[in-house]
Amino acid sequence: MSITITMPALSPTMTEGTLLKWLVKVGDKVEPGDILGEIETDKATIELEAADQGTVARLLVAEGTEGIAVNSPIAILLEEGEEKVPEEEIPATPSPQPSPAEGRGEQTPAVSEQLSAEKPKELEKAAPQIPSDVKTKQMTVREALRDAMAEEMRRDQRVFLMGEEVAEYQGAYKVSQGLLDEFGEDRVIDTPITEYGFAGLGVGAAFAGLKPIVEFMTFNFAMQAVDQIINSAAKTRYMSGGQMAASIVFRGPNGAAARVAAQHSQCYASWYAHCPGLKVVAPWSGADAKGLLKSAIRDPNPVIFLENEILYGQSFEVPTDPDFTLPIGAAKIERAGAHVTIAAFSLMVGVALEAAETLAGEGIDAEVINLRSLRPLDTAAIVESVKKTNRLVSVEEGWPFAGIGSELAAQMMEHAFDWLDAPVARVSGDDVPMPYAANLERLALPSAAGIVTAAKAVCYR
Amino acid sequence: MATRPQHTRGKKGRPKPARKGAAPELYKASKAQLIKFYREMLTIRRFEEKAGQMYGQGEIGGFCHLYIGQEAVVVGVQDCLLEGDSIITGYRDHGHMLAAGIDAGAVMAELTGRASGISSGKGGSMHMFSTRDGFYGGHGIVAAQVPIGTGIAFAHRYRRQDNICVTYFGDGAANQGQVFEAFNMARLWDLPVLYVVENNRYAMGTSVLRSTGSRELWKRGDSFKIPGKQVDGMNVLAVRAAAGAAIDQVRSGKGPYLLEMQTYRFRGHSMSDPALYRSKEEVQQMKAEHDPIGQVKKLLLDNKMATEDDLKEIGREVKAEITRAAEFAIASPEPEASELFSDVLVEVAS
Ligand SMILES: Cc1ncc(C[n+]2csc(CCOP(=O)(O)OP(=O)(O)O)c2C)c(N)n1
Ligand SMILES: [Mg+2]
């Protein structure tokens, strides 16, 4: 049997790649570990190593071929003793078009990147976000965050960025791409892996008048530093009678990525939202990301800025004006509707919009609110919406108990009781640590189908 | 004989490999032992290559950190352990598990997220455990295993057992505050713990040269009065010799010991790391001159302890074992949906 080498998936979200270069030719003998060629993914160029011993019999794709779907055949090896590849074993040359059904997309649980990457554009027509006279540019959330930091660093010398792999590596998720080049190593600083220490150091620098942006590689690792965030950053203005305070942003990806399991997939929104002395922001779109991060950096208070890894690669129209900001504490209606209000934040806004489309097909007109900020929470906007729809479904990735949804339910009892026609329904992640197995992970995360079910239930349908 | 890789500053601040220095202390292995080391290291290597390939095919998801290049460290240390001893490490854990004698199929099935995986498919690559084999994980949070390993040693001492806990961590992890808190208690209470820093020169993209001003990691216990030693971690005989001596001390009740294993990962940090922070020449040189498996192979052949054919035969057996593990891992069913809610807490009869 000959050995077929296929286009490898090199990150949890990769669906296609480019074959940049072959480093072997037909007839070469290879050993496990030998480098066969170079592959370019959306994030990086990576070497393709042989996993088996053999002789290169065929190279099925030419150098420079783009859009090769993950898992399609790219080369054939002969095993020791084999003379030539039997014709029936030669796979059809792969089509350069990526076929998501065969790729990783299928396996990526809950939200497929492709799906949600396309959705927003279409939906923006339904509820235009940005007045038409504002200049915008299509960019990814990753780029919007980078631009926000760059613009604020140009504007204010006190602003600097610090965290693991933010400088030379350009960010573990490439969010700080180019910042070291522009601002130098005094202002874009790689730290050792010492979250507790550098979060505390950031707070000290802020007390002394600087404006640090502290990046956590993911918010899971901010748990190492949570004492400095709460006990030092959040409480000092109060404890000092207003003398001393930290103008600091703690930012990084929050929530579930794909298949990284319990210690690396968790939503911290309700943890931080619980604490007085903090502001907590969770953007969804590119405009959210840029406008809110700029406001967070300018804010004189400590701000927890919860990003989402799956959103980094999604594209949106983003205003280009360097003075564009969004106020912290204001929610946004992403889709107007009359029958039920769906309140969500971060990645779940896209999922809620997807659910709203499905509901529309069944005659239910849903209003989708993008909370944007969790502390302060724009209770007034939700109450206004509920006065119209008389129903509320909350959506979050985090655990249900004492979650954001619990808070929304309590707020509605206090401020909208007379307008409610049904109890508030909560859609959330399941009440378990995140499992690794693909099928269990899919079950554990909230889905558009789950939102549809909840929305129908509160509409008594 | 291999010289130990050293971290001297080369051009552009990159670590410059190995100067010729004093020959390290080497363990005198019998033919049978040398063949055992060869087989065990090769098993880890082939397992990891297979895992890398299966990741590429989408059979394995999330993060997958391979141990290729570092095999001599676990194989050498594990050879010194006795029944009842414990080990604990971080997320780069597949090699530690295989060295501890855990079935390759159960590890591979965890990587594919199957019910037959060692963590029932719920933990994945970074979170695997097998207390039956004295393996306490598999921890995804950098350095969390250091106080935990110290606590396992505490339990050995508490029960008056003669056992020890080997606590592995990386050069990056060595900068976390909780490491020093653990060191202090380990000395204070003379706990039977061997700390093994696997210094592979990089924490993700950050070279040791850029993460600390105190680069002699083996001296990190100094202020706590924990003795330390630097070891050529690419040479299984150097590892075996140093670990043997250190473990004798720890087991005899003299308290903690710290070994810095100078090692190297041949692959990127995880599957999606293009490793642009180090030169191709550096990687090539480490592979060519310091490959732990290549070194043992050469010893076996040079000393006529084995022929090329003998080693090929071992290679075939190892390959067959890994193929079986991979087939098992792919054929096994996913966990039942009901498992989503199991093992969160244990029910208590009221
Ligand atoms: C507390 C914490 N911070 C950050 C991370 C992300 N992270 C995972 S591995 C790693 C590098 C660790 O390097 P090292 O300790 O040298 O071990 P190696 O990967 O080289 O084996 C980082 C930063 C994490 N898992 N936990
Ligand atoms: Mg390291």
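Chains as they are written, first to last, in this note's numbering: chain A, 381 to 841; chain B, 585 to 934.
Positions of the beta carbon are idealized from the N, C-alpha and C atoms, including for glycine.
Computed from a predicted structure; not experimentally measured.
query                                                                                                                        : result
Nearest neighbour of A/GLU544, chosen from A/GLU532, A/PHE596, A/LEU590 [CA to CA]                                           : A/PHE596
Beta strand (DSSP E) runs contained entirely in the stretch 681-742 of chain B, provided each spans 3 or more residues       : 719-722
is_contact[B/ILE725, chain A] using C-beta, thresh 7 Å                                                                       : yes
Anticipated Cβ contact below 8 Å, B/TRP802 with B/LYS809, distance rounded                                                   : Actually they are not in contact, since the Cβ atoms of B/TRP802 and B/LYS809 sit about 14 Å apart, beyond 8 Å.
Ligand 2 site residues, beta-carbon cut 6 Å against heavy atoms                                                              : B/GLY754, B/ASP755, B/GLY756, B/ASN784, B/TYR786, B/ALA787
Short CB-CB distance (under 7 Å) between A/VAL640 and chain B                                                                : yes
Limits of the unbroken alpha helix (DSSP H) element including A/ASP862                                                       : Residue coverage of chain A in this structure runs from 381 to 841, which leaves residue 862 of chain A outside it and unanswerable.
Proximity below 7 Å, CB of B/MET692 to CB of B/ALA910                                                                        : yes
Span of the alpha helix (DSSP H), counted from its first residue to its last, around B/ARG551                                : Given that chain B is displayed from residue 585 to residue 934, the structure contains no residue 551 of chain B and the question cannot be resolved.
Backbone CA spacing between A/PRO572 and B/TYR786 [nearest angstrom]                                                         : 11 Å
Heavy atom of ligand 1 within 6 Å of A/GLU764 beta-carbon                                                                    : no
Nearest candidate by alpha-carbon position, reference A/LEU706, set A/GLU697, A/SER675, A/LYS515                             : A/SER675
Residue(s) in a DSSP beta bridge with A/VAL711                                                                               : It is Ala, not Val, that sits at residue 711 of chain A in the sequence shown. Beta-bridge pairing links A/ALA711 to no other residue.
Members of the stretch 871-889 of chain B near chain A, C-beta cut-off 9 Å                                                   : LYS871
A/PRO633 in three-state terms, based on DSSP                                                                                 : strand
Cβ shell of A/VAL812 (< 7 Å), same chain only, five flanking positions each side left out                                    : ALA824
Chain B contact for A/TYR648 (CB, 7 Å cutoff)                                                                                : no
Chain-ordered residues of the stretch 560-576 of chain A with a beta carbon less than 9 Å from chain B                       : ASP570, THR571, PRO572, ILE573, THR574, GLU575, TYR576
Pair within 7 Å by beta-carbon distance, A/ALA431 and A/ASP414                                                               : no
A/MET597 beta carbon near ligand 1 (any heavy atom closer than 6 Å)                                                          : yes
Cβ-Cβ distance between A/LEU788 and A/THR721 below 7 Å                                                                       : no
Simplified DSSP state of A/LEU525, which is helix, strand or coil                                                            : helix
Pairwise C-alpha distance: B/VAL657 and B/ALA826                                                                             : 11 Å
Distance between A/VAL410 and B/ALA822 (C-alpha atoms, nearest Å)                                                            : 31 Å
Proximity winner among B/ASP774, B/PHE631, B/ALA737, relative to B/ARG908 (alpha-carbon distances)                           : B/PHE631
Contact list for the stretch 758-774 of chain A against chain B, Cβ threshold 8 Å                                            : none
C-beta atoms of A/LEU525 and A/VAL546 nearer than 7 Å                                                                        : no
Short CB-CB distance (under 7 Å) between A/SER695 and chain B                                                                : no
A/SER753 - partner residues in DSSP beta bridges                                                                             : A/VAL661
Straight-line gap, A/ALA669 to A/ARG841 (C-alpha atoms, nearest Å)                                                           : 36 Å
A/PHE601: CB within 6 Å of a non-hydrogen atom of ligand 1                                                                   : yes
Near-chain A residues of the stretch 833-850 of chain B (beta-carbon distance less than 9 Å), N- to C-terminal order         : PHE850
Whole-angstrom distance between A/SER391 and A/ARG752, CA atom to CA atom                                                    : 29 Å
A/LEU541: first and last residue of the uninterrupted beta strand (DSSP E) it sits in                                        : 539-543
Alpha helix (DSSP H) segment containing A/ASN819, residue limits                                                             : 818-824
Stretch-stretch touch, CB-based, cutoff 8 Å, three pairs: the stretch 760-769 of chain B with the stretch 741-749 of chain B : no
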